[in-house]
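> Take a look at the following structure, please.
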Amino acid sequence: MTDGAPFYVARRELTADPDQVWSVISDFGGLSRWSEAITACSADGNEAGALRTVMVGEAEIRERLEAIDHTARFLRYRPISGSSLPFEGFFATMQLAALDDGRTAIAWSVFGTPTIEPDKARDMLAKRYAFRLNELEACLDRGAA
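For the sequence shown, the positions run 4 to 148 when the working numbering is used.
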């Protein structure tokens, strides 16, 4: 569903079932529902082409939902303004897969070319996406989904 290999992939196995996880991550305007770092989030829809505004403190980031497939549980989004990530051509994908025991595997992939040293970019992404996946897992575990 994407061209080329990702620069970085954060993977996690979640105890929640795929439908529960998908209901959270496919809500394009619901990022603040599961990420405490997000002070506000709103979107003009949940289908391809939707725009969302994400507030992180006083910083405003605008992102576009480029693709979403509810059957495959896949989405792709791209920042269009305000992102501080040191990348050119950045976009991200989230892909869910059902595991045999009712759990869910998630792969959150980052595409683009870093504008800083690649190892530093990987370290930054590893911390950022581990934190976000911890937040998602905590949200799911407390039944806030």
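Positions of the beta carbon are idealized from the N, C-alpha and C atoms, including for glycine.
In this text, all values refer to a predicted model and were calculated from it rather than measured experimentally.
So is P117 buried or exposed if we call it buried at 16+ other beta carbons inside 10 Å?
buried
> With DSSP as the reference, label S38 as helix, strand or coil.
coil
> Please return the same chain residues whose Cβ sits closer than 8 Å to the Cβ of L34, not counting the five positions on each side in sequence.
I41, C44, R55 and V57
> Leaving out five residues on either side along the sequence, give the residues of the same chain with a beta carbon under 7 Å from the beta carbon of E138.
W37, S38 and E39
> Which whole-angstrom value describes the C-beta separation of Q98 and R131, a residue pair presumed to lie in contact below a C-beta threshold of 8 Å?
Their Cβ separation, rounded to whole angstroms, is 18 Å, which puts Q98 and R131 out of contact at 8 Å.
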